[in-house]
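*Asks:*
Protein chains: 2
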Amino acid sequence: MIGFIGFGEAAYEMAKGLTQEGVTGIIAYDPLLIEQDMSHIIKEKMTAVGVVPCADAKEVAIKRELLIVAVPAQFALAACEAVEEDLTASHLYVDVSASSPTVKKNIAAKIAKSNGKSVDAAMLGPLTVNQHKVPMFISGDGAHEFKKRMDPYGMNITVVSEQAGDASSIKLMRSIYMKGTAALLMELLEASRELKVEDQVLASIKETMEAVPFEQVVNQLVTGTSIHSERRGIELEGSLELLEQLSINSVMTQASKTKLDYVSQLGLRQSFKGNRPSTWQDVIDEMKVKLQANKAGEYHASK
Amino acid sequence: MIGFIGFGEAAYEMAKGLTQEGVTGIIAYDPLLIEQDMSHIIKEKMTAVGVVPCADAKEVAIKRELLIVAVPAQFALAACEAVEEDLTASHLYVDVSASSPTVKKNIAAKIAKSNGKSVDAAMLGPLTVNQHKVPMFISGDGAHEFKKRMDPYGMNITVVSEQAGDASSIKLMRSIYMKGTAALLMELLEASRELKVEDQVLASIKETMEAVPFEQVVNQLVTGTSIHSERRGIELEGSLELLEQLSINSVMTQASKTKLDYVSQLGLRQSFKGNRPSTWQDVIDEMKVKLQANKAGEYHASK
Numbered sequence: 001m002i003g004f005i006g007f008g009e010a011a012y013e014m015a016k017g018l019t020q021e022g023v024t025g026i027i028a029y030d031p032l033l034i035e036q037d038m039s040h041i042i043k044e045k046m047t048a049v050g051v052v053p054c055a056d057a058k059e060v061a062i063k064r065e066l067l068i069v070a071v072p073a074q075f076a077l078a079a080c081e082a083v084e085e086d087l088t089a090s091h092l093y094v095d096v097s098a099s100s101p102t103v104k105k106n107i108a109a110k111i112a113k114s115n116g117k118s119v120d121a122a123m124l125g126p127l128t129v130n131q132h133k134v135p136m137f138i139s140g141d142g143a144h145e146f147k148k149r150m151d152p153y154g155m156n157i158t159v160v161s162e163q164a165g166d167a168s169s170i171k172l173m174r175s176i177y178m179k180g181t182a183a184l185l186m187e188l189l190e191a192s193r194e195l196k197v198e199d200q201v202l203a204s205i206k207e208t209m210e211a212v213p214f215e216q217v218v219n220q221l222v223t224g225t226s227i228h229s230e231r232r233g234i235e236l237e238g239s240l241e242l243l244e245q246l247s248i249n250s251v252m253t254q255a256s257k258t259k260l261d262y263v264s265q266l267g268l269r270q271s272f273k274g275n276r277p278s279t280w281q282d283v284i285d286e287m288k289v290k291l292q293a294n295k296a297g298e299y300h301a302s303k
Numbered sequence: 001m002i003g004f005i006g007f008g009e010a011a012y013e014m015a016k017g018l019t020q021e022g023v024t025g026i027i028a029y030d031p032l033l034i035e036q037d038m039s040h041i042i043k044e045k046m047t048a049v050g051v052v053p054c055a056d057a058k059e060v061a062i063k064r065e066l067l068i069v070a071v072p073a074q075f076a077l078a079a080c081e082a083v084e085e086d087l088t089a090s091h092l093y094v095d096v097s098a099s100s101p102t103v104k105k106n107i108a109a110k111i112a113k114s115n116g117k118s119v120d121a122a123m124l125g126p127l128t129v130n131q132h133k134v135p136m137f138i139s140g141d142g143a144h145e146f147k148k149r150m151d152p153y154g155m156n157i158t159v160v161s162e163q164a165g166d167a168s169s170i171k172l173m174r175s176i177y178m179k180g181t182a183a184l185l186m187e188l189l190e191a192s193r194e195l196k197v198e199d200q201v202l203a204s205i206k207e208t209m210e211a212v213p214f215e216q217v218v219n220q221l222v223t224g225t226s227i228h229s230e231r232r233g234i235e236l237e238g239s240l241e242l243l244e245q246l247s248i249n250s251v252m253t254q255a256s257k258t259k260l261d262y263v264s265q266l267g268l269r270q271s272f273k274g275n276r277p278s279t280w281q282d283v284i285d286e287m288k289v290k291l292q293a294n295k296a297g298e299y300h301a302s303k
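Protein chains in written order, with the UniProt record's numbering: chain R, 1 to 303; chain V, 1 to 303.
(1) Per DSSP, what kind of secondary structure is R/V51 in: helix, strand or coil?
(2) Does DSSP classify R/G297 as helix, strand or coil?
(3) For R/K148, I'd like the list of residues in its chain whose CB is within less than 8 Å of its CB, leaving aside the five on either flank, ordered along the chain.
(4) Which term fits R/N249, buried or exposed, when burial requires 16 or more other beta carbons within 10 angstroms of its beta carbon?
(5) According to DSSP, simplified to helix, strand and coil, what is V/S271?
(6) Below 7 Å on C-beta distance, what does V/R276 contact in chain R?
(7) Go ahead and label R/M38 buried or exposed: buried means 16 or more other beta carbons lie within 10 angstroms of its beta carbon, across all protein chains shown.
(8) Where do the N-terminal and C-terminal ends of the beta strand (DSSP E) with V/M136 fall, by residue?
(9) So R/L67 and V/V222 are in contact, right, with Cβ under 8 Å, and what is the actual spacing, rounded?
(10) Please confirm if R/Q270 has its CB atom under 8 Å from at least one CB of chain A.
(11) Would DSSP call R/T158 helix, strand or coil?
(12) Quick check: what's the CA-CA separation for V/D30 versus V/D282?
(13) If you pair each beta-carbon of the stretch 138-148 of chain V with each one of the stretch 164-179 of chain R, do three or more pairs fall below 8 Å?
(14) Taking the beta carbon of R/D120 as the centre, do at least 16 other beta carbons fall within 10 Å, making it buried, or is it exposed?
(15) Taking Cβ to Cβ, would you say V/S114 is nearer than 8 Å to V/E84?
(16) Taking the Cβ atom as the reference point for each residue, do V/A143 and V/V159 lie within a distance shorter than 8 Å?
(17) Measure the alpha-carbon distance for R/K43 versus R/N156 and round it to whole angstroms.
(18) Name the chain R residues whose beta carbon is nearer than 7 Å to that of V/E215?
(19) Measuring CB to CB, does V/E9 end up less than 8 Å from V/L188?
(20) So which of R/V217, R/T24, R/A61 and R/G238 has the shortest CA-CA distance to R/T47?
(21) Can you pull out the residues from the stretch 171-187 of chain R whose beta carbon lies closer than 9 Å to at least one beta carbon of chain V?
(22) What's the call for R/A11, buried or exposed, on a 16-neighbour Cβ count within 10 Å?
(23) Between V/S264 and V/G233, is the Cβ-Cβ spacing less than 8 Å?
(24) In the DSSP assignment, the alpha helix (DSSP H) including R/G224 goes from what residue to what residue?
(25) How long is the line joining the alpha carbons of V/E215 and R/L202, rounded to whole angstroms?
(26) For V/Q74 and R/A164, I'd like the C-alpha separation in whole angstroms.
(27) Counting only beta-carbon separations shorter than 8 Å, does V/V222 have a partner in chain R?
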């Protein structure tokens, strides 16, 4: 039923999980199959989970219509090019690599030429823990079909749109928040524990973050910052001083100050005449207007 | 009943609110009272809310035992020094300035010499909106007494400890998180809206942030990052590339990557032998051990 192109950790874990769900007829190709000293290791891994090895990617594409391409991001485009001639209108090409939205869109364009359908898939957790059940965002013209075909096997798929690149974009944006929050927490917890106020700090943040739904927290923070960025930037100097006194790495707090100063310089407070706008969208749209006006100003100034 | 030292926006709004709650006998001194051209303006403001002006700070300290000192942060220590000789064991000295924990501790030490009690108060919201009901964290040996005396007038006071400096420290740590989160949100929403995936991005973050209580989110993010910081730093490169493609300011994402790289270099993954520790406290404590070991190493290397 399924052909894997690339058989590293991701494909191995998915194949293992899907086989346990009763999927049969999985075949796969991996470049290591043709490296003499690695060939037997990768063959063993395939056969251990009931997967039949193929001589090359073309063979996989010819023998199977559902292709899951799980190669390192830098090889995603080449993997597509290796099989594009063999694709037909019946093919469903699913790229689960961690490639950029641009690469995912380029792949989708190639697949569209063959009249096949494609999926930009972004995995949002560790395969080794979740196997085929790893949370997955997908987009592209083949997204709904892929979800429909895989749901019976316990996969945890969310269709985000029919536009290739969207799933990967969401993953990368989500990363900014989740990894940024982790980085912020490490900084303030290091200092708070040193000051022995960690429990009260967390309790106070929890109270604010859980008082209203997340979308409301977002609105409050973004609209408030749009008009109070200057004052808040100055207030952060106190936090920075304290981190310095404690000799604690302050890279996140410094960046927050820089960002607030950047927002101040855009002049959003003036745009909104000091009145908090209603929604975060108002703020982001006005930022864009200001940035474009600044660019136009620079253009005119440089003439 | 109350004497204010400093009568700027904060004191004015508090006095106004407290007067409406039925507090009488408020007196106040502000340096502007002795500046000829400003004197009548500040006097009018005081009398408008039923506050009697005083000739100097000493007069306030002699006439009232509950002193609320609301001066700009840089004058907080001088304000204390101006009255310390006049303080008695009956005095309760409440500093609501935005001074650093160190300044707050210095003030507390001075007050302790007079056998009076002191309060380090940190205001956590806009006075103009909340007046005397502004959320306030307080600490110090006079904290419980101040709360007991002011609660009947609708003030929103949380005692955090009996140690001066703690209230201010909590405010500054809380700031790192709240302002950092605002800065992160602006960055990712600017990009997400440009890519037209903003709704899905926010929905995905909401799901993760609201799935478990905040303290559990903290634990997951910090313990996970302690052993996966290297991989997560590399993953952020994708987000950075995308921001660059979109010409969007990426100062927060860059800092997050720098912070993750910093954590990787500490070698926490090796400390925990690749196994996620149980609590965020384990991570922060190990960071401290590693930093001290590094410093000792540098010391020995430089000998």
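Each residue gets a CB set at the ideal place from its N, CA and C atoms; glycine is no exception.
*Replies:* Based on what the coordinates show:
(1) In the first sequence, residue 51 of chain R corresponds to position 51, counting from 1. If DSSP states are grouped into helix, strand and coil, R/V51 belongs with coil.
(2) For the purposes of this step, residue 297 of chain R is taken as residue 297 along the first sequence, with counting starting at 1. Residue state, collapsed to three classes: helix.
(3) Counted from its first residue, the first sequence places residue 148 of chain R at position 148. Around R/K148: no qualifying Cβ.
(4) Working through the first sequence from its first residue, we reach residue 249 of chain R at position 249. R/N249 comes out buried.
(5) Walking along the second sequence from the start, residue 271 of chain V turns up at place 271. V/S271: helix per DSSP, three-state reduction.
(6) Taking the first residue of the second sequence as position 1, residue 276 of chain V is located at position 276. The contacting residues do not exist; V/R276 stays about 11 Å from chain R at best.
(7) Here residue 38 of chain R refers to the residue found at position 38 of the first sequence. Burial call: exposed.
(8) Taking the second sequence and counting its residues from 1, one reaches residue 136 of chain V at position 136. Per DSSP, V/M136 belongs to the beta strand (DSSP E) from P135 to S139.
(9) Numbered from its first residue, the first sequence carries residue 67 of chain R at position 67. Numbered from its first residue, the second sequence carries residue 222 of chain V at position 222. The Cβ separation is near 39 Å, so there is no contact.
(10) Given the protein chain composition of this structure (R and V), no chain A is represented.
(11) Working through the first sequence from its first residue, we reach residue 158 of chain R at position 158. Strand, per DSSP.
(12) The residue labelled residue 30 of chain V in the question sits at position 30 within the second sequence. The residue labelled residue 282 of chain V in the question sits at position 282 within the second sequence. When rounded, the distance between both Cα atoms is 49 Å.
(13) no
(14) Working through the first sequence from its first residue, we reach residue 120 of chain R at position 120. The residue in question, R/D120, is buried, as its Cβ has 16 or more Cβ neighbours within 10 Å.
(15) Locating residue 114 of chain V in the second sequence gives position 114, where the first residue counts as 1. Locating residue 84 of chain V in the second sequence gives position 84, where the first residue counts as 1. Yes, these two residues count as a Cβ contact at 8 Å.
(16) Along the second sequence, read from residue 1 onward, the residue named residue 143 of chain V stands at position 143. Along the second sequence, read from residue 1 onward, the residue named residue 159 of chain V stands at position 159. Yes, Cβ-Cβ distance for V/A143 and V/V159 is below 8 Å.
(17) By 1-based counting over the first sequence, the position of residue 43 of chain R is 43. By 1-based counting over the first sequence, the position of residue 156 of chain R is 156. In a straight line, the C-alpha of R/K43 is about 28 Å away from that of R/N156.
(18) Position 215 of the second sequence, counting from 1, holds the residue named residue 215 of chain V. Within chain R, the residues near V/E215 are L202 and K206.
(19) In the second sequence, counting from the first residue as 1, residue 9 of chain V sits at position 9. In the second sequence, counting from the first residue as 1, residue 188 of chain V sits at position 188. Cβ distance not < 8 Å, so V/E9 and V/L188 don't count as in contact.
(20) Translated into the one-based positions of the first sequence, residue 47 of chain R becomes position 47. Looking at the Cα atoms, R/T24 is the closest of the given residues.
(21) K171, L172, M173, R174, S175, I176, Y177, M178, K179, G180, T181, A182, A183, L184, L185, M186 and E187
(22) The count along the first sequence starts at 1 and reaches residue 11 of chain R at position 11. Buried: at least 16 other Cβ atoms inside 10 Å.
(23) Along the second sequence, read from residue 1 onward, the residue named residue 264 of chain V stands at position 264. Along the second sequence, read from residue 1 onward, the residue named residue 233 of chain V stands at position 233. Taking 8 Å as the Cβ cut-off, V/S264 and V/G233 qualify as a contacting pair.
(24) Indexing the first sequence from 1 puts residue 224 of chain R at position 224. First-last of the alpha helix (DSSP H) with R/G224: F214 to Q245.
(25) By 1-based counting over the second sequence, the position of residue 215 of chain V is 215. By 1-based counting over the first sequence, the position of residue 202 of chain R is 202. Each residue's alpha carbon lies about 7 Å from the other.
(26) Taking the first residue of the second sequence as position 1, residue 74 of chain V is located at position 74. Taking the first residue of the first sequence as position 1, residue 164 of chain R is located at position 164. Cα to Cα, V/Q74 sits roughly 55 Å from R/A164.
(27) Indexing the second sequence from 1 puts residue 222 of chain V at position 222. Chain R contact via Cβ: present.
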